[in-house]
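In our numbering, the protein residues as written are 7 to 416. By construction, the Cβ of each residue, glycine as well, lies at the ideal position given by its N, Cα and C atoms.
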Ligand code: SF4
């Protein structure tokens, strides 16, 4: 059985080889910039303290020498988005990299620009990613000053040997320290990210990770299975046979254990890899899963507006040399079939699935409509999809085979 493993930020900051040659195009030519409606905004900060060997996001070790020019360029890109923005944004996600690597005064300046330049709905959800060891009292105070509603902490594990296997440099105690500082500063929503199926992990160690996480009482938890991406050092070592992945059956057992323990602790399982206390689902990620529109700022940030997807030029030095909208690459305008397929792929990741009327509306569109109708009927007969209270959703077994279902509906 295969568990679908998509990271929360996989649709926001695409992987790239550091030495790949970008082929940027004129953004203004490609994007519908004359009054673009955005539902959310993704901002990418590429700095990290250390490059973890499993990570395929665009990030690198920060030499502290380009933070100021980074923030100045970001202000310029945000001002450009502000000129074309129509309506109000509902969610912000500042990811990376490690946004909290920015010096407090620069994080303060960047968040001020985001707040002041763009239009936001009252009570907009604002999430900032952080690594535990970067959450000083000063950083926590800056986040609280800007009314950040959620901080997503990369805990990954509480077992020193598993953190070492992931090449994570933080000490497990730093997670509780960071949570304490964020709570003291007044941050109301905390997400903890965990990674399971790490080489060397056992069911017992995974249970201990879940217990340690629950003791910190976060409002939200994301649990991802480790992925061996081909463009990472870990992926290369795995391909050479130097690192052995955990068996899929154990991985499935770990996912099921998380579902049981978190469910018993009162968390709602609302997406394949995500759990939340009632009222604390991540609205920004829901926006991705519902295939809504989001703007993107920063190197390697990916955006989507009305079926048009793109990625900003993925090298900091190239991005810094430009002004206005970032040059973009990987521009893709999805046709009707592409849009329908993506809507199914993302929407079925939600545990509640998709409303029946929406499904019928989608099944009436595109050249692959009949193929999709037949596939859905077959998956229902095979017990992978079901209709519950007017919603089409994956069954528990279907969630383990979500990739196969998604591919058939693309
Ligand atoms: S801290 Fe996060 S973004 Fe930075 S290298 Fe590690 S996994 Fe990647």
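What residue from the options has the CA that sits closest to residue i's CA?
i, options, result
"residue 398", "355, 373, 372 and 370", "355"
"residue 394", "412, 303, 360 and 44", "360"
"residue 119", "228, 98 and 235", "98"
"residue 63", "226, 103 and 384", "103"
"residue 130", "106, 95 and 285", "95"
"residue 86", "255, 225, 330 and 93", "330"
"residue 274", "250, 209 and 226", "226"
"residue 188", "224, 310 and 219", "224"
"residue 216", "270, 254 and 237", "270"
Cα separation between residue i and residue j?
i, j, result
"residue 351", "residue 50", "24 Å"
"residue 144", "residue 113", "11 Å"
"residue 266", "residue 89", "48 Å"
"residue 422", "residue 234", "Here the chain comprises residues numbered 7 to 416, so residue 422 is not present and cannot be evaluated."
"residue 79", "residue 71", "14 Å"
"residue 149", "residue 259", "37 Å"
"residue 182", "residue 222", "7 Å"
"residue 396", "residue 191", "42 Å"
"residue 141", "residue 281", "23 Å"
"residue 392", "residue 73", "50 Å"
"residue 60", "residue 66", "13 Å"
Could you have a look at residue i and say whether DSSP puts it in helix, strand or coil?
i, result
"residue 145", "helix"
"residue 275", "strand"
"residue 294", "helix"
"residue 166", "helix"
"residue 73", "helix"
"residue 195", "strand"
"residue 404", "helix"
"residue 186", "helix"
"residue 261", "helix"
"residue 80", "helix"
"residue 317", "strand"
"residue 232", "coil"
"residue 43", "strand"
"residue 244", "helix"
Considering only residues of the same chain and omitting the five flanking positions on each side of residue i, which have a CB-CB separation below 6 Å?
i, result
"residue 165", "211"
"residue 160", "137 and 199"
"residue 340", "313"
"residue 68", "53 and 107"
"residue 298", "45"
Within its chain, find whatever has a CB closer than 7 Å to the CB of residue i; leave out the 5 residues flanking it on each side and keep chain order.
i, result
"residue 207", "168 and 252"
"residue 375", "369"
"residue 346", "368, 371 and 372"
"residue 416", "347 and 351"
Only counting the same chain, and skipping five residues up and downstream in sequence, which positions put a Cβ closer than 8 Å to that of residue i?
i, result
"residue 139", "55, 175, 176, 177, 180 and 184"
"residue 1", "The shown model of the chain, from 7 to 416, leaves out residue 1, and the question about it has no answer."
Quick check for students: name the residue ranges of the alpha helix (DSSP H) that lie wholly in the stretch 91 to 162, counting only runs of 4 or more. 110 to 123 and 143 to 151
Which runs of the beta strand (DSSP E) fall wholly inside the stretch 336 to 414 and span at least 3 residues, in chain order? 391 to 394 and 397 to 400
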